[in-house]
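In full-length UniProt numbering, the protein residues as written are 1 to 410. From the three backbone atoms N, C-alpha and C, an ideal C-beta is built for every residue, glycine too. Treat the numbers as computed from the prediction; the structure is a model and nothing was measured. Accompanying notes for the structure given below.
Shown next, in the form of structure tokens:
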């Protein structure tokens with residue numbers, strides 16, 4: 001790579017070090033068994049009987065999450081905070097007697113547990129009658145974003161979902177102006193002037209190699225005015241996936257297996273991307289017991305495998321190796337090889353924030369040798385682990401998340 005290689009900001013590097021986040025999809029859809037609704041569900045539909053945001057975050061922390069994102073407003077337009085822009089919000093619901101503020105409860109629960117909060121605010125709004133008029137709606141959207149950016153303290157990420165916005169023109173200069181003024185440290189996902197990007201699927205899987213420098217966001221956006229980049233930019237990917245098949249809770253759905261979640265981890269965090277795992281609260285406002293159990297098991301197994309590195313000078317045999325690139329001057333590793341006893345035992349292209357390798361046969365840690373190529377390429381660290389496993393967990397070959405617009409909408 002040349003000396004002009006785009007370099008990350010300190011905020012981008014800090015976000016990449018978080019590795020795993022939790023996503024919480026909740027709203028009127030939760031009570032209607034829908035993924036998307038058209039904005040006509042009555043606000044009284046939102047009626048959790050025992051909502052406990054602290055419990056959500058307890059599950060998230062047990063699952064390894066260091067940050068969390070809440071769907072403050074999904075495509076249906078229902079707002080989870082008492083906004084001044086519309087009466088289609090929790091203020092018109094029976095929850096907490098109309099005095100509730102779920103965004104406040106969420107961010108407070110995050111901070112009490114040392115988790116960094118972020119918020120999702122859908123640009124597409126199927127309820128607001130002003131949406132067909134871009135100029136009028138932009139006043140609404142900017143006001144909503146301003147409320148979220150000024151009422152709840154620092155945010156680690158603002159999530160802009162491009163779904164439903166095909167052919168619509170947003171005033172991104174106004175939108176990004178709000179972010180720059182009130183939340184300059186926040187990562188901007190997907191649209192506007194992004195600092196992180198969508199991985200391109202909702203299976204939670206990154207492509208190998210993971211490239212942080214991209215020339216466009218074609219796989220990440222749905223509106224033509226936000227696809228092109230003036231120049232190549234450092235935009236690390238975030239892999240979003242739900243613990244269930246759908247994003248919102250449904251009584252008819254079941255969580256993924258532990259093996260599936262571990263396979264996702266290896267093919268997201270293990271390739272140098274961030275993982276954002278959705279754990280949708282149920283109609284009570286709590287995490288479904290089945291989801292709770294598998295997320296906790298997932299976090300426990302990741303910790304068992306990777307929380308205690310083996311001394312690289314020891315004779316202890318290891319079966320996993322994790323490389324960390326020095327990204328201060330950008331992503332520069334072009335190729336890497338791991339040798340032991342004169343033979344190559346693993347190889348790959350990029351390294352990035354973290355590149356996990358599984359060794360087919362255990363090797364004494366002190367016999368490992370690592371080579372990287374690339375102008376200015378350097379590693380920041382190497383970790384070796386004895387996990388008891390010499391193969392990566394499987395992801396079902398036929399699994400595909402429902403990324404396209406669901407057929408069932410009200």
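Query                                                                                                                                                                 : Result
Hey, out of 332, 371, 335, 262, whose CA is closest to residue 396's CA?                                                                                              : 262
Output the distance between the C-alpha atoms of residue 260 and residue 295, rounded to the nearest integer angstrom.                                                : 11 Å
Just to confirm, is the Cβ distance from residue 339 to residue 369 under 8 Å?                                                                                        : yes
Which residues share a DSSP beta bridge with residue 274?                                                                                                             : 238
What does a CB cutoff of less than 6 Å around residue 253 pick up in its chain, not counting 5 residues either side in sequence?                                      : 244, 245, 246
If you count every other CB in all the chains shown that lies within 10 Å of the CB of residue 483, and 16 or more means buried, which is it?                         : In the structure as shown, the chain starts at 1 and stops at 410, and residue 483 therefore has no counterpart that could be examined.
Do you know whose CA, among 202, 164, 204, 155, lies nearest residue 182's CA?                                                                                        : 155
Would you mind giving the Cβ-Cβ distance between residue 401 and residue 203, rounded to the nearest angstrom? I have them listed as a contact below 8 Å.             : 5 Å
Figure out for me which residue from 150, 85, 128 has the closest Cα to the Cα of residue 107.                                                                        : 150
Determine the closest residue to residue 379 out of 343, 134, 335, 326, with distance taken between C-alpha atoms.                                                    : 326
With 16 as the cutoff for other CB atoms within 10 Å, does residue 135 come out buried or exposed?                                                                    : exposed
Per DSSP, residue 198 forms a beta bridge with which residues?                                                                                                        : 238
Pull up the distance between the alpha-carbon of residue 387 and that of residue 337, whole angstroms please.                                                         : 21 Å
Could you have a look at residue 105 and say whether DSSP puts it in helix, strand or coil?                                                                           : helix
Looking only at its chain, what residues have a beta carbon closer than 8 Å to the beta carbon of residue 45, apart from the 5 residues adjacent to it on each side?  : 28, 31, 32, 93
How would you call residue 84, buried or exposed, if buried means at least 16 neighbouring beta carbons within 10 angstroms?                                          : exposed
Quick one, which of 346, 344, 345, 350 has its alpha-carbon nearest residue 332's?                                                                                    : 350
For the beta strand (DSSP E) holding residue 191, just list the boundary residues, first then last.                                                                   : From DSSP, residue 191 is part of no beta strand (DSSP E); its letter is neither H nor E.
How do the stretch 61–74 and the stretch 108–124 stand: do at least 3 beta-carbon pairs fall below 8 Å, yes or no?                                                    : yes
To which residues does DSSP link residue 338 through a beta bridge?                                                                                                   : 346, 370
Here's a check: name, in chain order, each residue in its chain whose Cβ is nearer than 7 Å to the Cβ of residue 398, leaving out the five neighbours to either side. : none
In the DSSP output, what is residue 326 paired with across the bridge?                                                                                                : DSSP lists no partner for residue 326.
Keeping to the same chain, check which residues put their C-beta closer than 7 Å to that of residue 210; ignore five residues upstream and five downstream.           : 237, 271, 272, 273, 350, 352
Apart from the five residues on each side of it in sequence, which residues of its chain come closer than 7 Å, Cβ to Cβ, to residue 174?                              : 138, 142
Whose C-beta lies closer than 6 Å to the C-beta of residue 239 among residues of the same chain, with five residues either side of it excluded?                       : 199, 204, 206, 268, 273, 275
Using only alpha-carbon positions, find the residue among 297, 157, 191, 47 that is nearest to residue 165.                                                           : 191
Among 314, 215, 321, which one has its Cα closest to the Cα of residue 307?                                                                                           : 321
Taking the beta strand (DSSP E) that residue 364 belongs to, which residues open and close that run?                                                                  : 355–364
Quick check on residue 92: does DSSP put it in helix, strand or coil?                                                                                                 : helix
Just checking my contact of residue 248 with residue 34 at CB under 8 Å: how many whole Å lie between their CB atoms?                                                 : 7 Å
Tell me which residue opens and which closes the beta strand (DSSP E) that residue 411 is part of.                                                                    : Outside the shown range of the chain (1 to 410) lies residue 411, about which nothing can therefore be said.
Can you tell me which residues form a DSSP beta bridge with residue 385?                                                                                              : 320
Of the residues 186, 127, 242, which one's Cα is nearest the Cα of residue 41?                                                                                        : 127
If you measure from the beta carbon of residue 62 to each beta carbon in chain C, is any gap under 8 Å?                                                               : Structure shown: chain C not included; a single protein chain is present.
In angstroms with no decimal places, state the Cα-to-Cα distance between residue 188 and residue 15.                                                                  : 11 Å
Would you tell me roughly how many angstroms separate the C-alpha atoms of residue 278 and residue 105, rounded to the nearest one?                                   : 18 Å
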